[in-house]
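**Q** Below is the structure I would like to discuss, written out as structure tokens.
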Amino acid sequence: MLVVLLLCLINIATPYINDNSIKAMLRTDTRDRSSTTWESQDTVKAELYKDNPKKYSPTWESLDTRPLPPWYDEAKFGIFMHWGVFSVPSYVDEWFWWYWKGDNPNKKVVEYMKKNYPPDFTYSDFAASFKAELYDPNYWADLFAESGAKYVVLTSKHHEGFTNWGSKYSWNWNAVDIGPKRDLVGDLERAIRNRTDLRFGLYHSLFEWFNPLFLRDQANNYTTFDFLDTKTMPELYEIVNKYKLDIVWSDGDIGSSDYFSSRAPEFIAWLYNDSPVKDHVVVNDRWGTKIRCHHGDFRDCNDRFTPSKLQTHKWENCMTIDKYSWGFRREANIGDYLTTKELLQTLVKTIAYGGNLLMNIGPKADGTIAPIFQERLKEIGSWLKVNGEAVYSSSVNKKAQKDTTNPEVYYTVKGSNIYAFLLKWPMDNIIRLGVPKPKSPASKVNMLGVEKSLEWKYEKLHGLEIPLPRMHPQQMPCQWIWVLRMTDFY
Numbered sequence: 067m068l069v070v071l072l073l074c075l076i077n078i079a080t081p082y083i084n085d086n087s088i089k090a091m092l093r094t095d096t097r098d099r100s101s102t103t104w105e106s107q108d109t110v111k112a113e114l115y116k117d118n119p120k121k122y123s124p125t126w127e128s129l130d131t132r133p134l135p136p137w138y139d140e141a142k143f144g145i146f147m148h149w150g151v152f153s154v155p156s157y158v159d160e161w162f163w164w165y166w167k168g169d170n171p172n173k174k175v176v177e178y179m180k181k182n183y184p185p186d187f188t189y190s191d192f193a194a195s196f197k198a199e200l201y202d203p204n205y206w207a208d209l210f211a212e213s214g215a216k217y218v219v220l221t222s223k224h225h226e227g228f229t230n231w232g233s234k235y236s237w238n239w240n241a242v243d244i245g246p247k248r249d250l251v252g253d254l255e256r257a258i259r260n261r262t263d264l265r266f267g268l269y270h271s272l273f274e275w276f277n278p279l280f281l282r283d284q285a286n287n288y289t290t291f292d293f294l295d296t297k298t299m300p301e302l303y304e305i306v307n308k309y310k311l312d313i314v315w316s317d318g319d320i321g322s323s324d325y326f327s328s329r330a331p332e333f334i335a336w337l338y339n340d341s342p343v344k345d346h347v348v349v350n351d352r353w354g355t356k357i358r359c360h361h362g363d364f365r366d367c368n369d370r371f372t373p374s375k376l377q378t379h380k381w382e383n384c385m386t387i388d389k390y391s392w393g394f395r396r397e398a399n400i401g402d403y404l405t406t407k408e409l410l411q412t413l414v415k416t417i418a419y420g421g422n423l424l425m426n427i428g429p430k431a432d433g434t435i436a437p438i439f440q441e442r443l444k445e446i447g448s449w450l451k452v453n454g455e456a457v458y459s460s461s462v463n464k465k466a467q468k469d470t471t472n473p474e475v476y477y478t479v480k481g482s483n484i485y486a487f488l489l490k491w492p493m494d495n496i497i498r499l500g501v502p503k504p505k506s507p508a509s510k511v512n513m514l515g516v517e518k519s520l521e522w523k524y525e526k527l528h529g530l531e532i533p534l535p536r537m538h539p540q541q542m543p544c545q546w547i548w549v550l551r552m553t554d555f556y
């Protein structure tokens, strides 16, 4: 009992480490930032699973045999949120504390702190200003539903260690004890469940920059596991049981390849076998440096993962609207944000190769979402209202994901329909395609959002030609990208 008590006392003191000792204690961060398809493989797995449900062993070989719950592939599009104490300084990005007090401090951040805060100010002092006083989870839920997203992933805890719920493993460094004085995670989870049909997931950092337990395990060359056994793993079980997660999105798998992966298989086996969400939960791949991009229900590999070719496993592109930061950044300029057209192009290119898109926004410390993020999400939602049938529950076009004649055209398929996404409207109003071929003269072409069918002409030498409708801008079914539905083509 005495040992456990001492570990807990070390753990709860995390935010109050002497800043002057941090640099000496912490080593260099070593995190890597940097043709059968998975669909056919998982279809076979799912059919076998229906007739023979199984228990999974805590080995990657066994865990990898689990079929992907269908909802995840059908969803295609989710919203990511990076929110925490780093939202208070809201400067440079969410790694602010590390840039200030970690190895190789960022001069820009150091000068910012010298200029704006007294010498004895510590990072933990920011927590009192993380009040979320204008946080309206109902508004957030409605906004995310309007965006057309089918799932959301909120940061439960980033690398700073601050938990956005009242974790019993993070005393006085959580949103219930200090700052907002409320369960930020639970409030959003209830709003999502009560007001939308979106799935709910949580991002959770496996490590914490300045937690003494982690630093000790690191100093022991990752041969001890006190931080994992008394902090990380208990928190993971806690958030799954408390919030009945659809997604467990792990991150921060730095250091020894065996440190985090030593505990992950047991946790994931529990998720799949005995947890309250065993039938529908999905996990990503960031459970250790040798696990990333090799195991998990879906693969993120690295931030902004865009393979541009078919993968042998379901994958996700996690990216952020702010080109340079995942957390909200007060110094951002308008050119630092991706445009709606750029975001939709990313969505199209991702789903054409079988991925899901997880698009990040950074809420403010007061709990509001900046108007530019709201505008982007609403505009994406307006586009999906017209073109969602080509996105949700679609599959890759195994024949070609991108047109051979027109590099600005990408494809998905659903049922007997091929969908062509036109990233540019042709100057002569005629789209020329090299991939689709009609099965018969009765094959049809429609533009989504336009009632009348389109004429088409096919010649073996020149491919398919489709004159597009001539419309006034106000008659256009949508902006940015247009979609053709081709029925009975191959």
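Residue numbers for the sequence shown follow my numbering, so the first one is 67 and each next one is one higher. Quick reminder that beta carbons are idealized off the backbone N, C-alpha and C, glycines included.
(1) Note down, one range per segment and in chain order, each alpha helix (DSSP H) of at least 4 residues found wholly within the segment 380-419.
(2) Would you mind reading off the limits of the alpha helix (DSSP H) that contains V251?
(3) Tell me whether the beta-carbon of H361 lies closer than 8 Å to the beta-carbon of D369.
(4) How far does the alpha helix (DSSP H) with I334 in it extend, from its first residue to its last?
(5) Could you give the C-beta distance for L530 and P502, rounded to a whole number, given that I count them as a contact under 8 Å?
(6) If you run the structure through DSSP and keep just helix, strand and coil, what is G454?
(7) Decide if the segment 304-315 is in contact with the segment 265-278; the criterion is three or more beta carbon pairs, one per stretch, under 8 Å apart.
(8) Give me the DSSP bridge partner(s) of S461.
(9) Residues in the same chain with beta-carbon distance under 7 Å from N339, minus the five sequence neighbours each way, listed in chain order, please.
(10) For a quick check, are the C-beta atoms of R358 and D319 less than 8 Å apart?
(11) If you draw a straight line from the C-alpha of P450 to the C-alpha of E212, how long is it?
(12) Is the beta carbon of Y488 sitting closer than 8 Å to the one on L550?
(13) Taking 8 Å as the cut-off, decide whether the C-beta atoms of L250 and S316 are in contact.
(14) Is the beta carbon of G144 sitting closer than 8 Å to the one on L413?
(15) From T221 to L514, what distance separates their C-alpha atoms?
(16) Do the CB positions of K389 and W546 come within less than 8 Å of each other?
(17) Considering L281, what are the terminal residues of the alpha helix (DSSP H) in which it resides?
(18) Check the C-beta distance from N426 over to C367 and give it rounded, since I have them as a contact under 8 Å.
(19) So the beta strand (DSSP E) Y524 belongs to, where does it begin and stop?
(20) Hey, would you say the C-beta of V348 is under 7 Å away from at least one heavy atom of the ligand MN?
(21) Can you have a look at I400 and say buried or exposed, based on whether 16 or more other CB atoms are within 10 angstroms of its CB?
(22) On the three-pair Cβ rule with 8 Å, is the segment 435-454 touching the segment 165-176?
(23) Throw me the rounded Cβ distance for the R329 and L281 pair, which I believe falls under 8 Å.
(24) Helix or strand or just coil, what does DSSP make of Y556?
(25) Short check: CB of R365 to CB of W353, under 8 Å?
(26) What does DSSP give as the partner residues of L424 in its beta bridges?
(27) Which whole-angstrom value describes the C-beta separation of K310 and L264, a residue pair presumed to lie in contact below a C-beta threshold of 8 Å?
(28) Just checking my contact of G569 with D469 at CB under 8 Å: how many whole Å lie between their CB atoms?
(29) When burial is assigned at 16 or more other CB atoms within 10 Å of the CB, is S460 buried or exposed?
(30) Distance, Cα to Cα, E455 vs R536?
(31) Going along the chain, which residues of its own chain have a beta-carbon closer than 8 Å to the beta-carbon of N558, five neighbours each way excluded?
(32) Quick one: what's got a C-beta closer than 6 Å to Y201's C-beta in the same chain, skipping five residues either side?
(33) Rounded to the nearest angstrom, what separates W275 and V314 at their Cα positions?
(34) In whole angstroms, give me the CA-to-CA distance for S156 and R395.
(35) For K480, collect the residues of the same chain with a Cβ closer than 6 Å to its Cβ; drop the 5 residues on either side in sequence, then sort them by chain order.
(36) Based on DSSP bridge pairs, tell me the residues matched to N182.
**A** If we stick to the structure as given:
(1) 406-418
(2) 250-261
(3) no
(4) 330-339
(5) 6 Å
(6) helix
(7) yes
(8) V479
(9) K121, Y122
(10) yes
(11) This sequence places Leu at residue 450; Pro is not what is there. Cα to Cα, L450 sits roughly 10 Å from E212.
(12) Residue identity differs from the one stated: residue 488 is Leu in this sequence, not Tyr. Yes, the Cβ-Cβ distance between L488 and L550 is below 8 Å.
(13) no
(14) no
(15) 36 Å
(16) no
(17) 278-285
(18) So it is not a contact: roughly 16 Å between Cβ atoms.
(19) 523-525
(20) Summarising the ligand content, the structure contains no ligands, and the ligand MN is consequently not present.
(21) exposed
(22) no
(23) Rounded, the Cβ-Cβ distance is 18 Å, inconsistent with contact.
(24) coil
(25) no
(26) G144, C384
(27) No, K310 and L264 are not in contact; Cβ-Cβ is about 14 Å, not under 8 Å.
(28) A question about residue 569 goes unanswered here, because the residues of the chain that appear run from 67 up to 556.
(29) buried
(30) 23 Å
(31) Given a span of 67 to 556 for the chain in the structure shown, any question on residue 558 remains unanswerable.
(32) G433
(33) 21 Å
(34) 5 Å
(35) S460
(36) In the DSSP output, where bridge partners are listed per residue, N182 has none listed.
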